[in-house]
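Inspection log for the structure reproduced underneath, given as structure tokens.
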Amino acid sequence: MQTAESLAAQLLSWYDRHARIMPWRVSPRDRAAGQRPDPYRVWLSEVMLQQTTVAAVTDYFHRFISRWPTVHDLAAAEDAQVMGEWAGLGYYARARNLLKCARAVVTSHGGRFPTSREGLLTLPGIGPYTASAIAAIAYDHPAAVVDGNVERVISRLYLVEKPLPAAKPKLTELAAGLTPASRPGDYAQAIMDLGATVCTPRAPACGICPWSHACEARAAGIQAALPRKAPKPDKPLRRGTLWLGHRDGAILIERRPDRGLLGGMAGFPGDGWDGQGGPAPADADWQDIGEVRHTFTHFHLILRVMTARIEGPPTRGELIPRHSFRPADLPTVMRKAWDLARALPDFP
DNA sequence: GACTCGTGGAA
DNA sequence: TTTCCAAGAGT
């Protein structure tokens, strides 16, 4: 039986040699030399990384930091600018809460993030994981981070067979028991790196794992089967319509309501496939130009795409001049429809 | 606890 | 092609 102290020390030693390089990260060498990460960057990266891979986040992180270098810059940004910059990254409530949080930090916290986990938890978009991550990484507090990686690593190390999410409290307790008083920030990143690169979901690389000798699941030969999870329900198929209206090169765009699917994002008027929408945005000679297929978290979608030149004033949305319309500001399902229409010879 | 909420890459 | 899943939070 290994002590928590020795396990943490072994993981930190591994991290010193194998830490991944990321734009928002301070390397263990630089950290030891006294360099401190910028809490704004830690926060931004952690929100972007919620349910999202490092590869998907990296370019978005660079664009956000380039455009809004400080939390003050971001707090002063217009909603549509931030939503447009987030377009394509998904889970758009994160972007809405990102702005709320930035503005709360500036107006209620003097422009500085709270340093305690409890203080961070009061901010929009910062939940149990992100609060611990910021407290540990930015401020070196001994907060236990429990994300999907840690759930997997801990469930294997301690052979926790109870399925998620019921096992979460137990896993959190075990993770907290391992978190060291020394270098908790590096440790938090180390255990997540371990889960991301070694203790992977399907085929863990136990041969190179610094904890393989202590891993109870490996001893039992069931490491690849942990953590257990309830099977996910099938995704139903929904169908709907999208109307791409235009006039003299201007495009008909409708800002979506601030809640629900794709909330706050720019898009084309649609019918009820998303629980929102309504009738066609104008009485026009709508032409069926094909369909778009897309899969969201909990349903498949097939959208019929219609285009028309709009003569009178539209009943929904707003005609945006082509030069001030950025297709990159659209969420992916809308951009698919745009790409379909743009391929037509007579479309603006 | 059960749902909602995106996306793209890997197997 | 389909499924799984990735540094979760809010309701």
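To convert, note that position 1 of the first sequence is 1 in UniProt numbering; the numbers rise steadily by one, no gaps. We put the beta carbon where it would ideally sit given N, CA and C, even for glycine.
Q: For L7, I'd like the list of residues in its chain whose CB is within less than 7 Å of its CB, leaving aside the five on either flank, ordered along the chain.
A: Position 7 of the first sequence, counted from the first residue, corresponds to residue 7. Excluding residues within five positions, the ones whose Cβ falls inside 7 Å are L178, W211 and A214.
Q. What first and last residue would you give for the alpha helix (DSSP H) that runs through M192?
A. Here residue 192 is taken as the residue at index 192 of the first sequence, counted from 1. Per DSSP, the continuous alpha helix (DSSP H) segment holding M192 begins and ends at P184 to T197.
Q. What is the DSSP secondary structure of residue 352, reduced to helix, strand or coil?
A. The chain is shown only over 1 to 348; residue 352 falls outside these bounds and no answer can be derived.
Q: On a CA-only basis, which of L303, Y91 and R335 is nearest T52? Give me that one, please.
A: Counting from 1 along the first sequence, the entry for residue 52 is found at position 52. Of L303, Y91 and R335, the residue nearest in Cα terms is Y91.
Q: Go through its chain and collect everything with a Cβ distance to G249's Cβ below 8 Å, but skip five positions before and after it.
A: Position 249 of the first sequence holds residue 249. P321, R322 and P348.
(Q) Residues in the same chain with beta-carbon distance under 7 Å from E291, minus the five sequence neighbours each way, listed in chain order, please. (A) In the first sequence, counting from the first residue as 1, residue 291 sits at position 291. Result list for E291: I302, L303, R304 and V305, in chain order.
Q: Give the DSSP-derived three-state secondary structure of K229 in the structure shown.
A: To locate residue 229, count along the first sequence from 1; it is residue 229. Strand.
Q) Which two residues bound the contiguous beta strand (DSSP E) that contains M306? A) As a position in the first sequence, residue 306 is number 306, starting the count at 1. Start and end: H300 to R309.
Q.
Distance check for T200 and I191, CA to CA, integer angstroms please.
A. Working through the first sequence from its first residue, we reach residue 191 at position 191. Working through the first sequence from its first residue, we reach residue 200 at position 200. If I take the Cα positions, the gap works out to 12 Å.
Q) Can you tell me whether DSSP reads H246 as helix, strand or coil? A) The sequence position of residue 246 within the first sequence is 246, counting from 1. Strand.
(Q) Y15 and Q276 - do their beta-carbons sit closer together than 9 Å? (A) Here residue 276 refers to the residue found at position 276 when the first sequence is read from its first residue. Here residue 15 refers to the residue found at position 15 when the first sequence is read from its first residue. Cβ distance not < 9 Å, so Q276 and Y15 don't count as in contact.
Q.
Rounded to whole angstroms, what is the Cα-Cα separation between L98 and L262?
A. In the first sequence, counting from the first residue as 1, residue 98 sits at position 98. In the first sequence, counting from the first residue as 1, residue 262 sits at position 262. Going by the C-alpha atoms only, they are around 15 Å apart.
Q. Taking all protein chains shown into account, do 16 or more other C-beta atoms lie within 10 angstroms of the C-beta of I251, making it buried, or fewer, making it exposed?
A. Here residue 251 refers to the residue found at position 251 when the first sequence is read from its first residue. I251 comes out buried.
Q. Taking Cβ to Cβ, would you say R20 is nearer than 9 Å to A196?
A. For the purposes of this step, residue 20 is taken as the residue at position 20 of the first sequence. For the purposes of this step, residue 196 is taken as the residue at position 196 of the first sequence. In this structure, A196 lies closer than 9 Å to R20 by Cβ.
Q) According to DSSP, is I137 helix, strand or coil? A) If you number the first sequence from 1, residue 137 lands on position 137. In the three-state DSSP reduction, I137 falls in the helix class (H, G or I).
Q | Span separating the alpha-carbon of A33 from that of P142 | A | Position 33 of the first sequence, counted from the start, is the residue given in the question as residue 33. Position 142 of the first sequence, counted from the start, is the residue given in the question as residue 142. Straight-line Cα distance between these residues: approximately 20 Å.
Q.
Distance check for V71 and R103, CA to CA, integer angstroms please.
A. Within the first sequence, residue 103 is the residue found at index 103, counting from 1. Within the first sequence, residue 71 is the residue found at index 71, counting from 1. Going from the Cα of R103 to the Cα of V71 covers about 8 Å.
Q. Using the C-alpha atoms, what's the distance from D274 back to K100?
A. Looking up residue 100 in the first sequence gives position 100. Looking up residue 274 in the first sequence gives position 274. Answer to the nearest angstrom: the Cα atoms are 25 Å apart.
Q) What residues match up with R255 in a beta bridge as DSSP calls it? A) Taking the first sequence and counting its residues from 1, one reaches residue 255 at position 255. In DSSP, R255 forms a bridge with A266.
Q: Consult DSSP for D38 and reduce its assignment to one of helix, strand or coil.
A: Within the first sequence, numbered from 1, the residue matching residue 38 stands at position 38. Residue state, collapsed to three classes: coil.
Q: Quick one: using the 10 Å Cβ neighbour count with 16 as the cut-off for buried, is D147 buried or exposed?
A: Locating residue 147 in the first sequence gives position 147, where the first residue counts as 1. By the Cβ-count criterion, D147 is buried, with 16 or more other Cβ atoms from all chains shown falling within 10 Å of its own Cβ.
Q: May I ask you to list the residues that DSSP assigns as paired with Q287?
A: Here residue 287 corresponds to residue number 287 of the first sequence, with the count starting at 1. DSSP lists T307 as partners of Q287.
Q) In the structure shown, what three-state DSSP assignment does L178 receive? A) On the first sequence, position 178 is the one that residue 178 refers to. Three-state result, L178: helix.
Q: Pull up the distance between the alpha-carbon of T332 and that of F64, whole angstroms please.
A: Looking up residue 332 in the first sequence gives position 332. Looking up residue 64 in the first sequence gives position 64. The straight-line gap from Cα to Cα measures roughly 19 Å.
Q: Could you tell me the distance, in whole angstroms, from the CA atom of V47 to the CA atom of S108?
A: By 1-based counting over the first sequence, the position of residue 47 is 47. By 1-based counting over the first sequence, the position of residue 108 is 108. One C-alpha to the other measures close to 20 Å.
Q | Start and end residues, beta strand (DSSP E) containing L319 | A | The sequence position of residue 319 within the first sequence is 319, counting from 1. Per DSSP, L319 belongs to the beta strand (DSSP E) from E318 to I320.
Q) Which term fits D346, buried or exposed, when burial requires 16 or more other beta carbons within 10 angstroms of its beta carbon? A) By 1-based counting over the first sequence, the position of residue 346 is 346. Its Cβ having fewer than 16 others within 10 Å, D346 is exposed.
Q. Since E118 is in the alpha helix (DSSP H), which residue starts that stretch and which ends it?
A. For the purposes of this step, residue 118 is taken as the residue at position 118 of the first sequence. E118 -> alpha helix (DSSP H) spans R117 to L121.
**Q.** Contact set for A282: own chain, Cβ-Cβ below 7 Å, skip 5 residues either direction
**A.** If you number the first sequence from 1, residue 282 lands on position 282. Once the five neighbours on either side are set aside, the close Cβ partners of A282 are G245, I310, G312, P314 and T315.
Q.
Measuring straight from C-alpha to C-alpha, what distance separates N149 and A166?
A. In the first sequence, counting from the first residue as 1, residue 149 sits at position 149. In the first sequence, counting from the first residue as 1, residue 166 sits at position 166. Looking at the two C-alpha atoms, the distance is approximately 16 Å.
Q: Note down the Cα distance separating F268 from A93, rounded to an integer number of angstroms.
A: For this step, residue 268 is matched to residue 268 along the first sequence. For this step, residue 93 is matched to residue 93 along the first sequence. Going by the C-alpha atoms only, they are around 19 Å apart.
Q: Please confirm whether any heavy atom of the ligand NAD lies closer than 8 Å to the CB of V82.
A: This structure simply doesn't include the ligand NAD, nor any ligand for that matter.
Q: May I have the straight-line CA-CA distance separating A9 from R183, to the nearest angstrom?
A: Against the first sequence, residue 9 aligns to sequence position 9. Against the first sequence, residue 183 aligns to sequence position 183. Going by the C-alpha atoms only, they are around 10 Å apart.
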